[in-house]
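Student: Residues -22 to -1, 1 to 267, numbered by mature numbering (1 follows the signal peptide of the UniProt record, and there is no 0), are exactly what the sequence shown covers, in order.
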Amino acid sequence: MRKTAFLFAGGLFVAAPASLLAQTTDPTLNADAPFVRNIRPDRPGRTITTSMVPLGQVQVDAGTNRFEPADATGFGSTRTLSGATLRIGLPSHIELRLTQGYLHPTDKRAVTPAMAAAVDSEAPVPSTALPGGFAPLTVGAKFLASTVPNARSQVVLLGEVTLRNGDASFPNKVLEPGARLLISQQLGQRYGLEANFGFRQRGFRAADTKLGTYLGTLALNGPLGGNFGFFAETYTTWQRESKLAPGATAGIYWRPLPNLHFDLNAGQGFTSEAEGLSVGAGFSVRLPK
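1. Please work out which residues of its chain come closer than 6 Å, Cβ to Cβ, to P149, disregarding the five sequence neighbours upstream and downstream, and give them in chain order.
2. Between A197 and F209, which are expected to be in contact by the criterion C-beta below 8 Å, what is the C-beta distance as a whole number of angstroms?
3. For S70, which beta-bridge partners are listed by DSSP?
4. Can you tell which of P201, L81, V31 has its C-alpha closest to the C-alpha of L115?
5. Tell me which same chain residues have a C-beta within less than 7 Å of the C-beta of I26, skipping the five on either side of it?
6. From T214 to L265, what distance separates their C-alpha atoms?
7. Starting from L238, follow its DSSP beta bridges and name the residues at the other end.
8. Would you kindly check if the distance between the Cβ of G258 and the Cβ of G225 is under 8 Å?
9. Enumerate in chain order the residues of its own chain whose CB-to-CB distance from D186 is below 8 Å, with the five nearest sequence positions on each side excluded.
10. Quick one: what does DSSP say A185 is sitting in, helix, strand or coil?
11. In whole angstroms, what is the alpha-carbon distance linking S262 and R183?
12. Identify, in the order they occur along the chain, each residue of the same chain with its Cβ nearer than 8 Å to the Cβ of A96, setting aside the five sequence neighbours on each side.
13. Check this for me: beta carbons of G166 and F177, under 8 Å apart or not?
14. What's the gap between the Cα of P69 and the Cα of P22?
15. Can you tell which of K267, L255, G260 has its C-alpha closest to the C-alpha of F45?
16. Hey, quick one: how far does the beta strand (DSSP E) through V134 stretch, first residue to last?
17. Taking the alpha-carbon positions, what's the G170 to E138 distance?
18. What is the C-beta distance between A62 and D85, in whole angstroms, given that I count them as a contact (C-beta under 8 Å)?
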């Protein structure tokens, strides 16, 4: 409880000055800065940017990752996950978001701990099929909390819910609501610091809140030279009664056009509760130009 209260207070401490700066800056002074003008995808890491798709435009962020799932997910050993987020700019500085993942099926089978303990060590151990196929769809929206768009400091709210559809192999599907506070601070004209603080739970009951998962991230991105740049983040997830599960993600990107972005990335969890090694690639495109 103390850990949660401390991190929540820290998030408010960071959000307060960022919100103040964002509301007292003339957006016309910063609208042409590369950090604002160029496409900023909500991938490849855990961090979701404060970047909002403008009204009348559509952006797609897509990619594939090969990763070692955390033990608690029940996904087995190394898996491949592909996914895409469709982002649509709406009036009043709102962005509609649809995220669809596809967990590539595997022939491997998972051994349930209870079954393994109940049978003789020399006998065949019962197993179950691992989840695979289309994951449940996540629907969400970004809302600009700052009163001034394109300011050097931005505060955005994200709300989303994961539905109960998807392949039947995914067990115990329930509605999963979540929310995040997104904060960004532009550094110079081309670099940016982004932070997220979020919470997600399975179900809408008050009791489900106690089993919800918190998320905190801090990311830095900027140019390396020419049309190339980098992305680096550190993150952690935790629950009220569990340890922190920290990790890091880093990558490089190539942006041949302001509205087109390709990336290569790698990540690593630092504890057994976190996701293991991951490597991936992806792209983002925004239309019309």
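Backbone N, C-alpha and C fix where the C-beta goes; we use that ideal spot for every residue, glycine too.
On a predicted model such as this, the values are computed, not experimentally measured, just so you know.
Tutor: On the basis of the data shown:
1. Closer than 6 Å at the Cβ level, and outside the excluded window around P149, lies no residue.
2. Taking a contact as a CB-CB distance under 8 Å, the pair A197 and F209 counts as one, their CB atoms being some 7 Å apart.
3. According to DSSP, residue pairing for S70 in a beta bridge does not occur.
4. The option with the nearest alpha carbon to L115 is L81.
5. Answer for I26: D20, L136, R158, L160, N174, listed in chain order.
6. A straight-line Cα-Cα distance of about 33 Å links T214 and L265.
7. Paired residues: L235, V263.
8. With contacts defined as CB atoms closer than 8 Å, G225 and G258 fail to qualify as a contacting pair.
9. Excluding sequence positions up to five before and after D186, its CB lies within less than 8 Å of the CB of Q179, R180, all in the same chain and listed in chain order.
10. Helix, per DSSP.
11. One C-alpha to the other measures close to 36 Å.
12. Annotation note: pLDDT 46 at A96 (below 50); position unreliable, no value reported.
13. Not closer than 8 Å, so no.
14. Taking the straight line joining both Cα atoms gives about 27 Å.
15. The shortest C-alpha separation from F45 is found at L255.
16. Where V134 is concerned, the enclosing beta strand (DSSP E) stretches over 131 to 140.
17. For G170 and E138, the distance between alpha carbons rounds to 25 Å.
18. Contact between A62 and D85 fails: their C-beta atoms lie close to 25 Å from each other, not under 8 Å.
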